[in-house]
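Asker:
Number of protein chains: 2
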Amino acid sequence: MADPALRYRTDLRPADREAIRRLVDGTGFFSEEEVAIALELVDERLRKGDDSGYHFLVAGQGGRISAYACYGPIPGARSSFDLYWLVVDASRQRRGIGGRLLARSESRMAELGARRVYADTSARSQYAPTRAFYEASGYTRAAFLEDFYAPGDGKVIYVKVLATDSG
Amino acid sequence: MADPALRYRTDLRPADREAIRRLVDGTGFFSEEEVAIALELVDERLRKGDDSGYHFLVAGQGGRISAYACYGPIPGARSSFDLYWLVVDASRQRRGIGGRLLARSESRMAELGARRVYADTSARSQYAPTRAFYEASGYTRAAFLEDFYAPGDGKVIYVKVLATDSG
């Protein structure tokens, strides 16, 4: 059976909190602390709206959330955005949903004034697919910070310069 | 007349908010938006204490604040801290207060579990003294992110690995 079409929305609802918790936790990819950080951004968004600095793009299929992205302007920077989270439900992975959600997120960021998008990820082997995903999506390595997350676990900073109409 | 001795404290009080606003604003160095960001961290600290993730070290002389630092653990990282702010009152600069406050802040961070301290700053010429200050204090350039803050205004990420008793 073909996948139902993805539907996107940028409004985050209180009921999304639990759905996002399950989605992030269900990947088996993130630590308890990382899940808590993801939910902190959800809570900030629900409490303060745009003032939180966290924007969400939720991709749903057939009434449930298949993936979501969270991004926002970097405080103190004029037109640089941080892509904080992009997570696809474990049961929906490997269907191109992440790539479509990322492209849609970049369009939204450009509308919000972004010129550069930064995405941080770990240099650990567990994150090799994540790094390959960003590289295939036009992101380049801007920096590597040795032992950033923990001894032996460095941080890779990716950046993508968004296309503008003016060139 | 000799400077009165610096006294340090880590408890932030509601009355410090206005003193810190004046201190940061009074340097003439920071934009309105940057002053607002500095105060956001103060407000978070006053509201949530250690749970805010923002720790303060206030250096006072003769009943007024001469300088302050704000730092904290980087979410998701095991023993990396970010030095968010270190500001010396305009009328108290060039007396070594910044260096002493930084050394004291590093000791506090080490007590809180820090192994690496990161400090971000601008590559703009206005920040040449800031960069020289970090370099003289044992920080090394870990990364340069072109156009991060604005076109032509890149970010330099400094890092210092703190000494440990175990070597």
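If you're matching them up, the sequences are chains A and B in order.
Position 7 of the first sequence, counting from 1, maps to 38 under this note's numbering, and the rest follow consecutively.
Position 17 of the second sequence, counting from 1, maps to 48 under this note's numbering, and the rest follow consecutively.
Beta carbons: idealized from backbone N, C-alpha and C, even for Gly.
Note that the coordinates shown come from a computational prediction; the quantities given were computed from them, not determined experimentally.
Taking only runs that begin and end inside the region 86 to 168 of chain B, name each unbroken beta strand (DSSP E) of 3 or more residues, in chain order.
Answerer: 86 to 92, 95 to 104, 111 to 119 and 147 to 153
Asker: Let me know if Glu63(A) comes out buried or exposed under the rule of 16 or more other beta-carbons within 10 Å of its beta-carbon.
Answerer: exposed
Asker: Can you check whether the CB of Asp184(B) is closer than 9 Å to the CB of Ala154(B)?
Answerer: yes
Asker: Taking the alpha carbon of Gly107(A) as the point to measure from, which residue in Ala181(B), Tyr99(B), Ser110(B) and Gly57(B) has its own alpha carbon closest?
Answerer: Ala181(B)
Asker: Determine the direct distance from the alpha carbon of Ala90(B) to that of Gly200(B), and round the result to whole angstroms.
Answerer: With chain B running from 32 to 198 in the structure shown, residue 200(B) is simply not present.
Asker: Can you pull the chain A residues whose beta carbon is under 7 Å from the beta carbon of Phe179(B), in chain order?
Answerer: Within chain A, the residues placing a beta-carbon under 7 Å from that of Phe179(B) are Ala108 and Ser111, ordered along the chain.
Asker: What residue range does the beta strand (DSSP E) around Gly185(B) cover?
Answerer: Asp184 to Val192
Asker: For Val166(A), would you say it is in contact with chain B, using Cβ-to-Cβ distances shorter than 9 Å as the test?
Answerer: The identity of residue 166(A) in the sequence shown is Glu, whereas the question assumes Val. Closer than 9 Å to the CB of Glu166(A) there is not a single CB belonging to chain B.
Asker: If you reduce the DSSP assignment to three classes, tell me which class Arg53(A) lands in.
Answerer: The three-state secondary structure of Arg53(A), taken from DSSP, is helix.
Asker: Does Ala145(A) pass the burial test, meaning 16 or more other C-beta atoms within 10 Å, or should it be called exposed?
Answerer: buried
Asker: Should Pro35(B) go down as buried or exposed, given a rule of 16 or more other Cβ atoms within 10 Å for buried?
Answerer: exposed
Asker: Hey, Met140(B) and Leu193(B): beta-carbon distance below 9 Å or not?
Answerer: yes
Asker: Gly84(A): which of Leu132(A), Pro104(A) and Lys191(A) sits nearest, CA to CA?
Answerer: Pro104(A)
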